[in-house]
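Engineer: Chains as they are written, first to last, in the UniProt record's numbering: chain A, 1 to 205; chain B, 1 to 205.
Shown below is the structure under consideration.
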DNA sequence: TTGACACCACTCCATGTGTAGTACTACGTT
DNA sequence: AACGTAGTACTACACATGGAGTGGTGTCAA
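This is the structure in structure tokens:
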């Protein structure tokens, strides 16, 4: 029988995220989720039909938890609209994602698993596209310097910087990482030539 | 007894890379390597004491195979030293890495596995540091525009772009990816302010 | 009383490890 | 030319782990 208790389902998905980050995609089993969630063996089997279901839903759950929320979003609208403000926001972004390391690592595991599961790849592609588009729109709506290409380039570099921080934390010192964020914004916003071709989200305007 | 046949050992490591990319770090077992390499079950057991040994040596093997070689390196020294040349070289770099997708994916799996294995983390940190430092030195020696920070920022963004291409190929169209590389170089090389703090390799000069 | 759920138990099955043992081949020795 | 030895390829087995799926029992509330 399929169980529906929403709190328990969310708790199981949170446990799945931890398992993904700690054991990898292949370590994500019903039993592992049960153990991580501290529930009796067999519980996850009653909530999800198969592993694929857990994988896709766990991906959605990560984005749920990374959502900064309305309040934070609104507060982001405040303040000056200059390059220094962008720098500050990028630092915040990196810190916010790094504060939920298992979420980021779980998404990476899901990406790698997506190379083997076409369905998961579709789902993830949609989610990531929505994330990128949102970042572009948000950036434009707040009237900050830089176009859609700028946002995508920032997103690319910051993502790998976070990956570096979480997987090989000793490669860069914390101050170096901070300086890299600052330098990235400074240089990408130094001038703003027209993009050679629209990136996703440009067309949306 | 430990076997030493070097060709067979290399073949087993190549098989391990494929297994890492296809099955994930947790799927890397002696038997899986045997199957992938097309050798009888038990062979890998005779060449490696445990899984950890395979993991670390497979990482080294990837870098071996990604090495462009002396000839290509020397030819890179040719040509003009302007921004357009950097753009072309960055396109080549992306294509070269993407041409060995399982190698890149295997390294990603190893990074994730490194979060669970301190020893592997040390090894990988050293390898990646050497790679970054080499890129910085090479860039400087060829007298191309941009400082060490530029090189690191290029490296960050291009890595994630490659990851995107390999894990979610439908997120960006191929032309978009190409334009992103061009835009990245254009904007990062628009001006060259002094770095706020040295990055690894700066001190080496 | 009924239904939904937490919890428990049990069977079936797949897979891997480590190692012992056999067979083949090359090479040097007598 | 016959033999012995070392290194390697290949095979087989004993042992252990761990997961999937499912059926059943107890509990609580409507």
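Beta carbons: idealized from backbone N, C-alpha and C, even for Gly.
Here the structure is a predicted model, which is why all the values come from computation and not from measurement.
Is the CB of residue 115 (chain A) under 8 Å away from at least one CB in chain B?
Structural biologist: It does; some Cβ of chain B falls within 8 Å.
Engineer: Label residue 151 (chain B) either buried or exposed according to how many other C-beta atoms from any shown protein chain fall within 10 Å of its C-beta, with 16 as the threshold for buried.
Structural biologist: Per the 10 Å Cβ criterion, buried.
Engineer: Exposed or buried, residue 130 (chain B), counting other C-beta atoms within 10 Å across all chains shown (16 or more means buried)?
Structural biologist: With fewer than 16 other Cβ atoms within 10 Å, it is exposed.
Engineer: With a threshold of 8 Å on Cβ separation, who are the neighbours of residue 142 (chain B) within its own chain once the five nearest residues in sequence on each side are excluded?
Structural biologist: Within the same chain, residue 142 (chain B) has close Cβ partners 76, 77 and 81.
Engineer: Interface residues of chain A around residue 170 (chain B) at Cβ under 7 Å?
Structural biologist: Chain A residues near residue 170 (chain B): 125.
Engineer: Determine the closest residue to residue 24 (chain A) out of A:58, A:98 and A:180, with distance taken between C-alpha atoms.
Structural biologist: Checking every option, the nearest Cα to that of residue 24 (chain A) belongs to A:58.
Engineer: Within the continuous alpha helix (DSSP H) that includes residue 60 (chain A), where are the two ends?
Structural biologist: It spans 51-66 - the alpha helix (DSSP H) in which residue 60 (chain A) sits, taken as one unbroken run.
Engineer: For my contact list, residue 166 (chain A) and residue 105 (chain A) are in at a C-beta cut-off of 8 Å; report their separation, rounded to the angstrom.
Structural biologist: The pair is a contact, with the Cβ atoms about 6 Å apart (cut-off 8 Å).
Engineer: Using a Cβ cut-off of 7 Å, pull out every chain B residue sitting near residue 66 (chain A), in sequence order please.
Structural biologist: Neighbours of residue 66 (chain A) on chain B: none; closest Cβ ~17 Å, over 7 Å.
Engineer: Apart from the five residues just before and just after residue 79 (chain B), which ones in its own chain have a Cβ nearer than 7 Å to its Cβ?
Structural biologist: 85, listed in sequence order.
Engineer: Give the straight-line distance between the Cα atoms of residue 62 (chain A) and residue 121 (chain B), rounded to the nearest whole angstrom.
Structural biologist: Spanning the two alpha carbons is a distance of roughly 25 Å.
Engineer: If we call anything under 8 Å between Cβ atoms a contact, is residue 46 (chain B) one with residue 9 (chain B)?
Structural biologist: Contact flag unset, no.
Engineer: Using the three-state DSSP reduction, which class does residue 144 (chain B) fall into: helix, strand or coil?
Structural biologist: Three-state DSSP puts residue 144 (chain B) in coil, outside helix and strand.
Engineer: Mind checking residue 159 (chain A): buried by the 16 CB within 10 Å criterion, or exposed?
Structural biologist: Residue 159 (chain A) is buried by the Cβ-count criterion.
Engineer: Below 7 Å on C-beta distance, what does residue 24 (chain A) contact in chain B?
Structural biologist: Those are 24, 25, 26 and 112, listed as they occur along chain B.
Engineer: Does the Cβ of residue 163 (chain B) have 16 or more other Cβ atoms within 10 Å, making it buried, or fewer, making it exposed?
Structural biologist: Result: buried.
Engineer: Below 8 Å on the Cβ atoms is my contact criterion, and I expect residue 33 (chain B) with residue 21 (chain B) to pass it. Report the Cβ-Cβ distance as a whole number of Å.
Structural biologist: Residue 33 (chain B) to residue 21 (chain B), Cβ: 13 Å. No contact.
Engineer: Could you confirm whether any beta carbon from chain A is found closer than 8 Å to the beta carbon of residue 15 (chain B)?
Structural biologist: It does not: the Cβ of residue 15 (chain B) has no partner Cβ on chain A nearer than 8 Å.
Engineer: For residue 65 (chain A), I'd like the list of residues in its chain whose CB is within less than 7 Å of its CB, leaving aside the five on either flank, ordered along the chain.
Structural biologist: Result list for residue 65 (chain A): 100 and 103, in chain order.
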